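Worksheet: one structure, shown below.
Residue numbers (our numbering): 215 to 581.
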């Protein structure tokens, strides 16, 4: 299947409401011209394009090469084993069973190489967060048994009378999914990557742009980030025009209380720490940038940069109806949106796998 066929399929099956935890980067295209624009836009903001510029304000990172035949293997495995499977099938199918001897040898070489680089952060008992040059396998933890355990541990740390609260359930699920991305060995990373539709789409894109192929495992020191302290920023013509709560399905009382303070922090950080470095290097003028606040707001991080395209989730903004805001045509002030109250029925906007997990664990959460 070509990338064009894959993305058309994504568009056809999209319901308009179901989202993954960060929003899919692909929403469907109709022409090869749109595909070409999308491919180049993604590659233009891959981690390798900006990490050196923002090294002091992002997470410490080392790279491990993904070779072309390895990227092809990710695509082949997903198409052969997982593409048409539901959540339970993706969780139960063993991708190794579908590999020939040469493929298994390729996996072993990749595992050994990745493990060696991961030791930068894991050899003293530490942990790493591993993604590709573009995205992480954030959808993969939903297919792992351990996320259920993590979710229940987090939920049960709250009073029992709150266990049926939808906002709390989604918050705990997001926390569990984030913690499930905390890894110490290459085998776990490769297992997540093989099962991830996000990685499949990104490797499909990368292998179709062979003349620009340059993919890595992006290995970062793991830092805990509270799920209500991630933010999506929209930059048009180098100006920060809008900000949104990243995990917008949840309501956070402390976030609402600190709204103006956080707006000032992020705006100042972008204008003083990020913009000058990117402008000097003649980086892209239009992009979407994700921030995190840690240490009670004392530290601000750049998480990643994405294309300024409808294919990047608009969070609490609507690309079709509010593009004028995102392009800064509604005024000079930064528009900052948060979820200001719990959203009844927010579960329906979760991926199918997430909804199934909540349903499966409901018997242990009922009062």
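Beta carbons are placed, not taken as given, at the ideal position from N, Cα and C, and that holds for glycine.
Fair warning: this is a prediction, and the values are worked out from it, not measured in the lab.
With respect to the beta strand (DSSP E) encompassing residue 453, which residues constitute its N-terminal and C-terminal limits?
-> First-last of the beta strand (DSSP E) with residue 453: 453–459.
Inspect the beta-carbon positions of residue 292 and residue 414 and report whether they are closer than 9 Å.
-> Their beta carbons are under 9 Å apart, which means residue 292 touches residue 414 by this criterion.
Taking all protein chains shown into account, decide if residue 562 is buried (16 or more other Cβ within 10 angstroms of its Cβ) or exposed.
-> Counting every other CB atom within 10 Å of its CB across the protein chains shown gives residue 562 a total below 16, marking it as exposed.
Residue burial classification, residue 528 (beta-carbon count within 10 angstroms, cutoff 16) = Within 10 angstroms of the beta-carbon of residue 528 lie 16 or more other beta-carbons, which makes it buried.
Where does residue 522 fall in DSSP's three states?
-> The answer is coil: DSSP assigns residue 522 none of H, G, I, E or B.
Taking one C-beta from the region 510–526 and one from the region 274–287 each time, how about it: are there three or more such pairs within less than 8 Å?
-> Judged by Cβ distances under 8 Å, the region 510–526 makes no contact with the region 274–287, as fewer than three pairs qualify.
Pull up the DSSP beta-bridge partners for residue 551, would you.
-> According to DSSP, residue 551 shares a beta bridge with 458.
By a C-beta neighbour count over all protein chains shown, 10 Å radius and 16 as the cutoff for buried, is residue 322 buried or exposed?
-> Its Cβ having fewer than 16 others within 10 Å, residue 322 is exposed.
Leaving out five residues on either side along the sequence, give the residues of the same chain with a beta carbon under 6 Å from the beta carbon of residue 341.
-> The residues are 396, 398, 436.
contact_flag[the region 304–315, the region 434–454] where n(CB pairs < 8 Å) is 3 or more = Segments in contact, no.
Measure the beta-carbon distance from residue 504 to residue 541 and round it to whole angstroms, keeping in mind my assumption that it falls under 8 Å.
-> That pair is no contact at about 19 Å.
Is it a yes or a no for the region 375–391 touching the region 461–480, going by three-plus beta-carbon pairs under 8 Å?
-> The region 375–391 vs the region 461–480: in contact.
Within this structure, are the beta carbons of residue 423 and residue 260 separated by less than 9 Å?
-> No; because the gap between Cβ atoms is not below 9 Å, this pair is not in contact.
What span of residues does the alpha helix (DSSP H) with residue 528 cover, start to end?
-> For residue 528, no alpha helix (DSSP H) segment is defined, and its DSSP state is neither H nor E.
Are three or more beta carbon pairs between the region 443–457 and the region 469–487 nearer than 8 Å?
-> Flag = yes, the region 443–457 and the region 469–487 touch.
Which residues does DSSP pair with residue 429 in a beta bridge?
-> Residue pairing by DSSP places residue 429 opposite 280 in a beta bridge.
What do you get for residue 567, buried or exposed, if any count of 16 or more other CB atoms within 10 angstroms of its CB means buried?
-> Under this definition residue 567 is a buried residue.
Going straight from the alpha carbon of residue 575 to that of residue 364, what length do you get?
-> When rounded, the separation of the alpha-carbon atoms in residue 575 and residue 364 is 12 Å.
Please say whether residue 394 and residue 361 have beta carbons closer to each other than 9 Å?
-> In this structure, residue 361 lies near residue 394, with their beta-carbon atoms less than 9 Å apart.
Identity of the residues DSSP links to residue 336 by a beta bridge | Paired residue(s): none; residue 336 is not in a bridge.
Contact under 9 Å by Cβ, residue 354 with residue 417 | No, these two residues do not count as a Cβ contact at 9 Å.
Start and end residues, beta strand (DSSP E) containing residue 344 | 342–346 is the span of the beta strand (DSSP E), which, as asked, contains residue 344.
Should residue 272 and residue 282 be called a contact, given that it needs their Cβ atoms to be closer than 9 Å?
-> No; because the gap between Cβ atoms is not below 9 Å, this pair is not in contact.
Whose C-alpha, out of 367, 344, 378, 296, is nearest the C-alpha of residue 357?
-> Cα-wise, what sits closest to residue 357 is 296.
Return the bridge partner residues of residue 497 from the DSSP annotation.
-> None; residue 497 has no bridge partner.
Leaving out five residues on either side along the sequence, give the residues of the same chain with a beta carbon under 8 Å from the beta carbon of residue 537.
-> For residue 537, where only same-chain residues beyond five positions count, there are no Cβ hits under 8 Å.
Below 8 Å CB to CB, which residues in the same chain sit around residue 560 once its five sequence neighbours on both sides are set aside?
-> Sequence-distant partners of residue 560 (beyond 5 residues in either direction) whose C-beta falls short of 8 Å from its own C-beta, in its chain, are 380, 381, 384, 463, 464.
Where do the N-terminal and C-terminal ends of the alpha helix (DSSP H) with residue 566 fall, by residue?
-> Residue 566 -> alpha helix (DSSP H) spans 566–574.
Alpha carbon of residue 290 to alpha carbon of residue 409, nearest angstrom = The straight-line gap from Cα to Cα measures roughly 11 Å.
What's the gap between the Cα of residue 491 and the Cα of residue 245?
-> Distance between the alpha carbons of residue 491 and residue 245: 35 Å.
Straight-line Cα distance separating residue 539 from residue 556 | If you take the alpha carbons of residue 556 and residue 539, they lie about 25 Å apart.
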